[in-house]
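Student: Read the sequence shown against our numbering and you will find it ends at 1196, with the numbers running on by one and no gaps.
Heads up, the beta-carbon is just placed ideally off N, CA and C, and yes, glycines get one too.
Have a look at this one before I ask anything.
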Amino acid sequence: MAERMLQFVRLTQQTPDKRPATLRREDFQEIYDRFDPARASEQASRCSQCGVPFCSIHCPLNQHIPDWLKLTAEGRLQEAHEVNAATNTFPEICGRICPQDRLCEGNCVIEKGFDSVTIGAVERYINDTAWEKGWIKPPKPVRELDRSVGIIGAGPAGLAAAERLRSIGWQVHVYDRYDRAGGLMIYGIPGFKLEKEVVTRRTDLFREAGITFHLNVEVGRDVTMAELRERHDAVLIATGVYKARDVALPGAELGGVVPAMEFLTASNRKGLGDEVPDFDSGALNAAGKRVVVIGGGDTAMDCLRTSIRQGAASVTCLYRRDKANMPGSMREVANAEEEGVRFAWLSAPEAFEGADGNVTGVRAVRMHLGLPDATGRQQVEPLPGSSFKEPGDLVIKALGFDPEDLPGMFNEPALDVTRWGTLRVDHRTMMTNLPGVFAAGDIVRGASLVVWAIRDGRDVAAQIAAYAEAKAAVPQAAE
Ligand code: FAD
Ligand code: SF4
Ligand code: SF4
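Shown next as structure tokens:
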């Protein structure tokens, strides 16, 4: 092993090539190229095969990262794929969009002074190759079971659970209010981070495996929760969080002030070839406009970079803290800066200004960082007399998401929620207070990450299977 691995002393870190900013501003294609086989093998060989791999500990899926890095370094790609796919339902997606700098790679402990192993890029390479070579097969079961699950939500949490349960023979029915499966992977995250074909080839595979999708079906409107509980042995709620956090500022009713998800969904739909009247009319289209995005998270970064690609005249991000305190991934901030986004740090909005019913800009105030609060985070305070106007014809509010009122939506007032509106589950069984009704993903955690949704989906599938086993065992025990 020593010969092949531990090459960090000889080889420097190399990330996949990035398309030049001038080119990528023009389209919605992914910005990173793929490793070629030689570079993937070389970069994987930099791993020092730690006895206690901190990369794995900090991967939400606790994947056997050193194992598949070693197999890749040795050119044993099919085996690398098998080891990787055993712990991840969407490895090529995580390889693209996990914030690796905060997870696996951020905790890679190659000797001090050496850059981390490029784990995410290798994971993507392994699995894109597996797709090309035809190694990825539908998760068809060996035998069918007379057990069915109704899954509400076709995002990564619902789909990860669907794949697990189908592979052991369950009859799996996935209900989603949208017309396509994928959740935020299809209508939230833009194509320049995750091309849509990468998502649809997976959902097509699930269909081939016998998972039934009921699209354009909103639970609470088209079918009741009570009906689903009647129809299925277990129900999983994996509905994500969609209620946009808002700022109660004067002028919020002006035309041209829009929530982030409406803007991103319209753009993704357009890219998928749909008719989008609000895009064509210009209401949700940044072309030729001065765009101001309020917020500093990943959703804000996606709005900024989408606006650039739609041909905005200028794109500015207003964020009330400084760069070091941004919640968004630093990699995405750097990409946005390269593409021409201007950041107005330490700037908080005070009001939307307008003329003739349409927004003309945001009045903002400069902030400064004060003393840390109880959580250790520095508080921000306005600098008196520092108000300024940021001109804008399209203002996008990207301030985060909260859960919708699920007990109300589902007409299930007994469904227990936390004070944040997320669903309360027993953390061992992942079951809500309604017997046989489980929950997973953002609707339990609050807005999080795809990789955590996958983890939850896989875990809840195991809990649902155990619940059904235990239930089936009861009458036998009584006999
Ligand atoms: P979702 O993906 O939200 O899926 C929930 C599904 O439930 C949806 O399809 C919805 O239509 C459906 N649904 C809701 N209510 C009903 C109902 N009543 N009836 C039927 N169906 C219903 N994470 C990353 O790891 N990396 C990133 O780069 C990243 N970028 C992001 C960019 C944006 C703009 C956003 C908004 C999020 C991003 N995230 C990212 C976060 C990530 O997308 C989510 O954490 C993840 O998708 C949550 O998965 P989920 O399955 O819980 O919910
Ligand atoms: Fe890293 Fe995400 Fe892959 Fe885990 S799933 S190894 S965190 S890229
Ligand atoms: Fe390899 Fe880094 Fe993980 Fe150690 S922490 S096993 S060097 S990838």
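How long is the line joining the alpha carbons of Ser884 and Lys857, rounded to whole angstroms?
Tutor: Roughly 5 Å separates the two Cα atoms.
Student: Any heavy atom of ligand 1 within a distance shorter than 7 Å of the CB on Leu953?
Tutor: no
Student: Is Val834 near ligand 3, in the sense that its beta carbon is under 7 Å from a heavy atom of that ligand?
Tutor: yes
Student: Just to confirm my understanding: we take Asp1176, look at its own chain, exclude 5 residues before and 5 after, and list those with CB closer than 8 Å. What are they?
Tutor: Exclusion of the five residues before and after Asp1176 leaves Met1147 and Ala1157 as the residues of its chain whose Cβ lies within less than 8 Å of its Cβ.
Student: Which value, in whole angstroms, describes the spacing of the CA atoms of Leu901 and Gly872?
Tutor: 6 Å
Student: In the DSSP assignment, what residue or residues form a beta bridge with Val891?
Tutor: Ile868 and Phe930
Student: Counting Cβ pairs closer than 8 Å, one from the region 937–948 and one from the region 910–925, do we hit at least three?
Tutor: no
Student: If you follow the beta strand (DSSP E) that Pro1089 is part of, which residue opens it and which one closes it?
Tutor: Asn1075 to Pro1089
Student: Within 10 Å of its beta-carbon, does Lys735 have 16 or more other beta-carbons around it, so buried, or fewer, so exposed?
Tutor: exposed
Student: Using DSSP bridges, identify the partner residues of Glu935.
Tutor: Paired residues: none, contrary to the question.
Student: Quick one: measure Cβ to Cβ for Asp921 and Lys1114, integer angstroms, because I've assumed they're closer than 8 Å.
Tutor: For a cut-off of 8 Å, the C-beta gap from Asp921 to Lys1114 is around 35 Å, too long to register as a contact.
Student: Do Ala961 and Ala977 have their CB atoms nearer than 8 Å?
Tutor: yes
Student: Examine ligand 2 and report whether any of its heavy atoms sits within less than 7 Å of the Cβ of Gly1125.
Tutor: No; taking the cut-off as 7 Å, the Cβ of Gly1125 has no heavy atom of ligand 2 nearer than that.
Student: Near Ala1030, what residues of its chain come up, given a Cβ to Cβ distance below 7 Å and the 5 sequence neighbours on each side ignored?
Tutor: Gly1005, Lys1006 and Arg1007
Student: Straight-line CA distance for Arg864 to Trp887?
Tutor: Straight-line spacing of the CA atoms in Arg864 and Trp887 works out to 5 Å.
Student: Answer yes or no: the CB of Pro808 versus the heavy atoms of ligand 3, is any distance below 7 Å?
Tutor: False, no ligand heavy atom lies under 7 Å from that Cβ.
Student: Is Ala983 near ligand 1, judged by its Cβ being under 7 Å from some heavy atom?
Tutor: no
Student: Our contact map puts Ala838 next to Phe752 with C-beta atoms below 8 Å; I'd like the distance itself, whole angstroms only.
Tutor: With 8 Å as the limit, Ala838 and Phe752 qualify as a contact, their Cβ atoms being about 6 Å apart.
Student: Within this structure, are the beta carbons of Gly1057 and Arg741 separated by less than 8 Å?
Tutor: no
Student: How many angstroms separate the CA atom of Ala757 from the CA atom of Asn1042?
Tutor: 33 Å
Student: Enumerate in chain order the residues of its own chain whose CB-to-CB distance from Ser765 is below 6 Å, with the five nearest sequence positions on each side excluded.
Tutor: If we look at Ser765 and ignore the five residues flanking it on each side, its Cβ neighbours are Leu723 and Ile827.
Student: If I measure Cβ to Cβ from Met1047 and keep anything under 8 Å in the same chain, skipping five residues before and after, which residues do I get?
Tutor: Asp818
Student: Does the Cβ of Pro777 lie closer than 7 Å to at least one heavy atom of ligand 2?
Tutor: yes
Student: Check whether the region 771–787 touches the region 1137–1145, taking contact to mean three or more Cβ pairs, one atom from each stretch, closer than 8 Å.
Tutor: no
Student: Could you tell me the distance, in whole angstroms, from the CA atom of Ile903 to the CA atom of Gly1013?
Tutor: 22 Å
Student: Where does the unbroken alpha helix (DSSP H) through Ser773 begin, and where does it stop?
Tutor: For Ser773, the enclosing alpha helix (DSSP H) begins and ends at Phe771 to Ile774.
Student: Below 7 Å CB to CB, which residues in the same chain sit around Phe1127 once its five sequence neighbours on both sides are set aside?
Tutor: Val936, Gly937 and Met942
Student: Between the alpha carbons of Ala1081 and Gly1102, how many angstroms are there, rounded?
Tutor: 11 Å
Student: Lys910: beta carbon under 7 Å from a heavy atom of ligand 1?
Tutor: yes
Student: Short of 7 Å in beta carbon distance, which residues of its chain neighbour Tyr749, apart from the five on each side in sequence? Order them along the chain.
Tutor: Pro733 and Lys735
Student: Please return the same chain residues whose Cβ sits closer than 8 Å to the Cβ of Pro1130, not counting the five positions on each side in sequence.
Tutor: Pro1124
Student: Taking only three categories from DSSP, how would you classify Gln730?
Tutor: coil
Student: To the nearest angstrom, report how far apart Gly899 and Leu1100 are at their CA atoms.
Tutor: Between Gly899 and Leu1100, the C-alpha separation is close to 44 Å.
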